[in-house]
Amino acid sequence: MDLLGQSVYYVGAVALLLIGFYMVLVKANLIKIMLGISFLDTGVHVLLIAIGYVRGRTAPILSEAMRTSAGGGSPEVVDPVPQALVLTAIVIGIGVLALGLSIAVRVYEHYGTLDAREIRGLRC
Amino acid sequence: MRKAAAVLLLAVLATGLALALAPIPFGQDKIVVANHYIRNGVRETGATNLVTSVVLDYRALDTLGEVTILFVAAVGVGVIFFAERPPRRRPRQAASVIVVTGSRVLFPLILLFGVYVFLHGHLTPGGGFQGGAVIASGVLLLYLARREQTLHREALGVAESLGGLVFVGIGLLGLAISGTFLSNFLAKGQPNLLLSAGVIPIIYTAVGVKVGAELARIIGDLVERE
Amino acid sequence: MTILATILVAVMIAAAVATSVFKDLMNAVIACAAVSLIASALFYLLDAPDVAMAEAAIGAGLSTAIFALAIRKTERYEG
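Protein chains in written order, with my numbering: chain X, 3 to 126; chain F, 61 to 286; chain C, 1168 to 1246.
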């Protein structure tokens, strides 16, 4: 039980990463490949926030009811730096997704198919 | 054949990730860099939301780079869709009465909520990116309700450019006044007030307007391209 | 709280596997929206309200809309 409490977030993040990699490697439809890239992004975000979590502390928004540690009086919050990084990464992820999907739509208009194997074959 | 090779590669990757994550215990105190931000954050920046103080004061250059990446993505979507053919107008069926009436009631409320989120970014959870995404969701609702109209793309372009110019302009003002690019040169004020934390509310307003206009333009390009 | 996290992670993995398996692309995109929503709930459980708000607005809202618009202009079924 304690091992589960230790690692459930890590297991979820690594499972998302592996499913995303599988979809990018094996699937032939371009939309499925973009879904896999989106899962890779989400898995890494969950992993970063889970690494920055500290038990017994609260969110990094200061208020009057904040507990401070005994020696020195610094507020007891979780790590705010990974949260800032992941905030930026989420917005970059949607930018990459929009660009990739617009390229997929143009490829479909030009070749008539969304299958990655046939598109490579048509070029030769 | 391809699936077997992929599964083998994934097994190797899973083992590597498990071995890498084993010496990182979950939930223990491993904060090293952020101790300075936590201890001195309110005093040095004036913002009570520590994530905002990291994003817009201590690491503001990263935020400028990220706004640039989003801008390049929006320009790329526009170029890919409108480079070759002009968009053809295909007659669409109108939306139902419920959607049209609901959008008239909901769109001002969504806009108000988005403005509230990015205006209070330095006090409560929120900020420019979240507020911009909420505003873009409201614009998506408008597109779903009024299918035969298009939005003013020039106005969205002007709003987006103004947001980016305000961000860089404040950075250059900081350089002129204090000698550091993007330094927090206005008065810090009293924490937990709306007008506090120096230039952080101004930058977040600019970022909120810019991100909202950009995401609305991306959605507009995808909808109008037939 | 650990029980809640375990249930959420299990449902998230099931939705991710469903995204990979579905042949109808609209169903796959809805499953992807479910994964984003559960990831937003996990961010809240990990004491990150800013990131939870951003993931809910961007990941579960706008990303699904962009996928649905792209599918409408291309094919609906895989293969």
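Glycine included, C-beta positions come from ideal geometry on N, C-alpha and C.
Inset, instruction - Please say whether Leu18 of chain X and Val48 of chain X have beta carbons closer to each other than 8 Å? - result: yes
Legend entry - Identity of the residue in C:Asp1214, C:Ala1201, C:Leu1213 nearest Ala1182 of chain C by Cα: C:Ala1201
Inset, instruction - For Ala120 of chain F, go through chain X and note every residue whose CB falls closer than 9 Å to its CB, in chain order. - result: None at all; the shortest Cβ gap to chain X is about 11 Å.
Legend entry - Uninterrupted beta strand (DSSP E) stretches inside the stretch 139 to 209 of chain F (no shorter than 3 residues): none
Legend entry - Minimum Cβ-Cβ distance from Leu1229 of chain C to chain F less than 8 Å: yes
Inset, instruction - Can you have a look at Asp1191 of chain C and say buried or exposed, based on whether 16 or more other CB atoms are within 10 angstroms of its CB? - result: exposed
Legend entry - Closer than 9 Å at the beta carbon, the chain C residues around Ser40 of chain X: Cys1199, Val1202, Ser1203, Gly1226, Ser1230, Phe1234
Inset, instruction - Helix, strand or coil for Tyr180 of chain X, going by three-state DSSP, please let me know. - result: Outside the shown range of chain X, which is 3 to 126, sits residue 180 of chain X, and nothing can be said about it.
Inset, instruction - Excluding the 5 residues preceding and the 5 following Ala1172 of chain C in the sequence, name in chain order all residues of the same chain whose CB lies nearer than 8 Å to its CB. - result: Leu1209, Leu1212
Legend entry - Alpha-carbon to alpha-carbon, Ile1233 of chain C and Ile279 of chain F: 7 Å
Legend entry - Beta-carbon proximity list for Leu242 of chain F, same chain, < 6 Å, skipping 5 on both sides: Ala120, Gly231, Gly234
Inset, instruction - Give the DSSP-derived three-state secondary structure of Ile96 of chain X in the structure shown. - result: helix
Legend entry - Contact under 8 Å by Cβ, Ala1215 of chain C with Gln85 of chain X: yes
Inset, instruction - With 9 Å as the limit, tell me which residues of the stretch 1174 to 1190 of chain C have their beta carbon closer than that to any beta carbon of chain X; keep them in chain order. - result: Leu1175, Val1176, Ala1177, Met1179, Ile1180, Ala1183, Val1184, Thr1186, Ser1187
Legend entry - Contact under 8 Å by Cβ, Met1179 of chain C with Gly14 of chain X: yes
Inset, instruction - Spell out a yes or no on whether the stretch 252 to 268 of chain F and the stretch 206 to 216 of chain F are touching, meaning 3 or more CB-CB pairs, one atom from each, closer than 8 Å. - result: no
Inset, instruction - Express the C-alpha separation of Arg59 of chain X and Val111 of chain F in angstroms, rounding to a whole number. - result: 15 Å
Inset, instruction - Would you decide whether Gly125 of chain F is buried or exposed? Buried here means 16 or more other CB atoms lie within 10 Å of its CB. - result: exposed
Legend entry - Straight-line Cα distance separating Ala118 of chain X from Leu179 of chain F: 45 Å
Inset, instruction - Would you mind sorting Thr108 of chain F into buried or exposed? The rule is 16 or more other CB atoms within 10 Å of its CB. - result: buried
Inset, instruction - Spatial neighbours of Gly73 of chain X within its chain, please: CB distance less than 7 Å, with the 5 preceding and 5 following residues excluded, ordered by chain position. - result: Reliability of the predicted coordinates at Gly73 of chain X is poor, the pLDDT of 49 falling under 50, and the value obtained from them is presented with this limitation in mind. Contacts found: none.
Inset, instruction - Give me the Cα-Cα distance between Lys90 of chain F and Val1196 of chain C, rounded to the nearest whole angstrom. - result: 37 Å
Inset, instruction - Please work out which residues of its chain come closer than 6 Å, Cβ to Cβ, to Tyr203 of chain F, disregarding the five sequence neighbours upstream and downstream, and give them in chain order. - result: Val283
Inset, instruction - Keeping to the same chain, check which residues put their C-beta closer than 7 Å to that of Glu274 of chain F; ignore five residues upstream and five downstream. - result: Leu130, Phe131, Ala134, Glu220
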